[in-house]
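Beneath this line is the structure, given in C-alpha cells, with notes to follow.
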Amino acid sequence: MDANSQQPPDNASVSVQHLDFCYGSSLALKNIELEIPAHQVTAFIGPSGCGKSTLLRCINRMNDEIPSAKITRGGIQIDGVDIYQPSIDVVKLRREVGMVFQKSNPFPRSIYENVAYGLRLRGLRDKASLNAAVEEALVASALWDEVKDRLHESALGLSGGQQQRLCIARTIAVKPKVILMDEPCSALDPIATAKVENLIWDLKNDYTIIIVTHSMQQASRVSDNTAFFYLGELIEYSDTAQIFRNPSVRKTEEYISGRFG
Amino acid sequence: MTSHHILREFDKGMVSLKSDVLLMASLARQNLERAMRSLLERDLDLARSVIADDSDVDDLERKIDQAGIDIMVRFHPVASDLRLVITSMKMAHNLERISDHAVNIAKRSKKICKSFPLDEVGLAEPLYSLASKLLRDALMAYTDANAELGEGLKVRDRELDRMHKQMITTLSGRLETSPGRSENLLHLIFVARSIERIGDLAVNMGEDSVYLGDARDIRHEHSKPSPAPQGGSESDTPA
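Protein sequences, first through last, are from chains L and P.
Mapping of the first sequence onto our numbering: residues 22 to 282, in sequence order.
Mapping of the second sequence onto our numbering: residues 3 to 241, in sequence order.
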C-alpha cells in the first residue's frame with residue numbers, strides 16, 4: 022500500500038463500507054457493510070453465486086483483472102487505508118494481502134524456489150537471509166519437517182495437501198497482513214484438511230485470515246466470525262458460535278441447517 | 003424448522019426421533035396414571051402391569067439416544083436442529099426417570115393394597131393431579147418449542163412442593179398417633195415423594211424446552227449470584 026497515505030494502526034483489520042460491485046450491468050454485491058477484526062479468522066459462507074468469492078477478491082483487488090468488473094459504490098479499508106484510492110500500488114497491496122486458492126498452484130520449480138520467489142521479488146538476495154526466511158515460512162506452515170531434506174526437489178512431487186501448505190508458506194514468506202483463502206481445502210482429503218485447519222489456527226496469531234468455504238463444519242471449526250451471504254447481500258454476520266447455535270435470521274438458519282443450498 | 007431439508011433421510015430421522023419421544027411420553031404418562039389408579043382404587047393388576055411395562059420405556063430411551071447419536075454422526079445438525087436432537091435425548095432421560103417413579107408408586111401401591119384400606123391415599127390425588135398437568139404442559143412445551151410455557155413450569159412447581167410438604171406434615175403426625183399403620187403411611191410418604199420428583203422432572207423438561215425454542219439455558223439460575231450493584235462497595239453487602 023502507499024506509504025504516503027495516512028498512518029493507520031498496524032492491526033490488519035479490514036473494513037468493507039457500503040460496497041456495491043458489478044460484473045457489467047449485473048450487481049453482484051449489494052451494500053456490503055462488514056468490519057473484519059484483526060488476528061481472527063472470518064469465514065464467508067453462502068450458496069454458489071452469493072458473492073462471497075467476489076468480495077474476497079475485492080480485498081486484494083484481484084477483480085481489477087476482470088474488464089467489466091468494478092466497484093460502483095462504497096469501498097474497502099485495511100487499517101484505515103482506502104485500498105481503492107488511486108495512489109495505491111496494487112502490487113504492494115497484494116503483497117500485504119496474500120491469497121491461497123482452491124487448487125494448489127505451486128510454480129514448476131523446487132520447493133525452495135517456490136518460497137523464495139516472492140522474497141527475491143522484494144529484493145532479498147543474501148543467501149543466508151533467504152535460507153532463514155524460507156525455513157521460517159516452511160516451519161510456520163507446518164511443512165518443514167516433511168521437506169527439509171528435499172528442498173531442491175520439484176514442488177510438483179509433493180502431495181496435494183503438501184502443495185497447498187507450500188502455497189501457504191509462499192504466501193506468508195513475504196509477511197502479509199491479511200491472508201485470503203478461497204476454499205483452500207476443497208480438493209484435499211480429511212487428513213490434509215486437518216493439517217491446513219491446524220495451520221489456520223496457528224497463523225491467526227500473526228495474520229488476519231478470511232476464508233471462503235462451502236463446508237459448514239469447516240467454518241464452525243476454524244473461524245471466529247462468520248458472514249452469510251445470499252444473492253449478493255450480507256444476510257448475517259456474527260461470531261461463529263452464535264451463527265451455528267442460534268442464528269438471528271431465518272434465511273441463515275435455513276442455509277446452515279441444509280434447507281437450501 | 004418446518005421447511006424441508008435438502009436430504010430426505012435427515013427429515014425422516016428427525017420426524018422419527020420426535021415421534022419416539024412423544025410415544026415414550028405417552029407410555030410414561032400412562033404408567034403414572036395406572037400406578038396412581040392402582041393406589042387409589044386398590045387394583046393390584048394395574049400395579050403389576052406398570053412394573054411389567056416399564057421395560058418398554060427403557061427400550062425407547064435407548065432407541066432415542068441411538069437415533070440422536072446417529073443423526074449427529076451422519077448429518078451434523080446445527081442451530082434449532084441440533085437443539086431438537088439434544089433436547090429429545092434429554093427428554094428421553096427425564097421420561098425414563100418419570101416412568102421409574104411410576105414403578106416406585108406401583109410397588110408401594112402393591113404393598114398398600116395387600117393391607118387394610120388406607121384412607122390417607124386420597125391425600126395424594128391433588129398432588130398427582132397437579133404433577134400430571136405440569137407433565138402435560140412440559141410435553142406441550144417440547145412439542146411446540148414453546149419457551150414461555152416451559153419457563154412457567156418452575157413457578158407452578160412451587161405449589162406442588164408446598165402441597166407435598168403439607169402432605170408429609172399430615173402423614174408424619176398420623177405416624178405418631180397411629181403406630182399400627184406406620185408401614186403403609188411410610189409407603190404413602192414415598193409415593194408423595196415420587197410425585198414431587200415428577201414435578202421437578204417436568205420443570206427440567208420445561209427448561210430444556212426453553213433451550214429448544216429460544217436457545218437460552220435457564221438451568222440453575224436460582225443458584226447464580228446476583229450481579230453486584232453498580233457503584234456499591236463491600237461495606238454495602240449485608241452481613
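Cβ coordinates follow ideal geometry from the N, Cα and C atoms, glycine included.
It should be emphasised that the depicted structure is a prediction, and the values quoted were computed from it without experimental measurement.
What's the call for residue i, buried or exposed, on a 16-neighbour Cβ count within 10 Å?
i: residue 222 of chain P; result: exposed
i: residue 184 of chain L; result: buried
i: residue 239 of chain L; result: buried
i: residue 113 of chain L; result: exposed
i: residue 40 of chain P; result: buried
i: residue 79 of chain P; result: buried
i: residue 86 of chain L; result: exposed
i: residue 229 of chain L; result: buried
i: residue 186 of chain L; result: buried
i: residue 53 of chain L; result: buried
i: residue 142 of chain L; result: exposed
i: residue 153 of chain P; result: buried
i: residue 15 of chain P; result: buried
i: residue 89 of chain P; result: buried
i: residue 119 of chain P; result: exposed
i: residue 76 of chain P; result: exposed
i: residue 173 of chain L; result: exposed
i: residue 261 of chain L; result: buried
Using a beta-carbon distance below 7 Å, is residue i in contact with chain P?
i: residue 23 of chain L; result: Only weak support exists for where residue 23 of chain L lies, its pLDDT of 44 falling under 50; the value from the coordinates is given anyway. Judged by the 7 Å Cβ criterion, residue 23 of chain L is not in contact with chain P.
i: residue 244 of chain L; result: no
i: residue 259 of chain L; result: no
i: residue 268 of chain L; result: yes
i: residue 277 of chain L; result: yes
i: residue 238 of chain L; result: yes
i: residue 186 of chain L; result: no
i: residue 274 of chain L; result: yes
i: residue 250 of chain L; result: no
i: residue 265 of chain L; result: yes
i: residue 280 of chain L; result: yes
i: residue 41 of chain L; result: no
Just reading off the beta strand (DSSP E) that residue i is part of, what are its end residues?
i: residue 64 of chain L; result: 62 to 66
i: residue 55 of chain L; result: 47 to 57
7 Å is my cut-off, CB to CB: does residue i come that close to chain L?
i: residue 13 of chain P; result: no
i: residue 5 of chain P; result: yes
i: residue 104 of chain P; result: no
i: residue 212 of chain P; result: no
i: residue 140 of chain P; result: no
i: residue 217 of chain P; result: yes
i: residue 53 of chain P; result: no
i: residue 232 of chain P; result: For residue 232 of chain P, the predicted model reports a pLDDT of 46, less than 50, meaning its position is unreliable; a value from the coordinates is still stated below. Closer than 7 Å: no.
i: residue 81 of chain P; result: yes
i: residue 221 of chain P; result: no
i: residue 8 of chain P; result: yes
i: residue 166 of chain P; result: no
i: residue 78 of chain P; result: yes
Report the partner residues of residue i according to the DSSP bridge assignment.
i: residue 96 of chain L; result: L:38
i: residue 8 of chain L; result: No statement about residue 8 of chain L is possible, as the shown extent of chain L runs from 22 to 282 and does not include it.
i: residue 102 of chain L; result: L:99
i: residue 175 of chain L; result: L:131
Ends of the alpha helix (DSSP H) at residue i?
i: residue 79 of chain L; result: 73 to 80
i: residue 279 of chain L; result: Neither: residue 279 of chain L is in no alpha helix (DSSP H) and is coded neither H nor E.
i: residue 56 of chain P; result: 46 to 77
i: residue 170 of chain P; result: 149 to 179
i: residue 184 of chain P; result: 184 to 216
i: residue 95 of chain P; result: 81 to 115
i: residue 131 of chain P; result: 126 to 146
i: residue 38 of chain P; result: 10 to 43
i: residue 167 of chain L; result: 165 to 168
Any alpha helix (DSSP H) of 4 or more consecutive residues that is wholly inside the region 185 to 260 of chain L: 211 to 224, 237 to 243
Please give the ranges of any alpha helix (DSSP H) in the region 104 to 148 of chain L, keeping only runs that are unbroken, at least 4 residues long and fully inside the region. 111 to 117, 132 to 142
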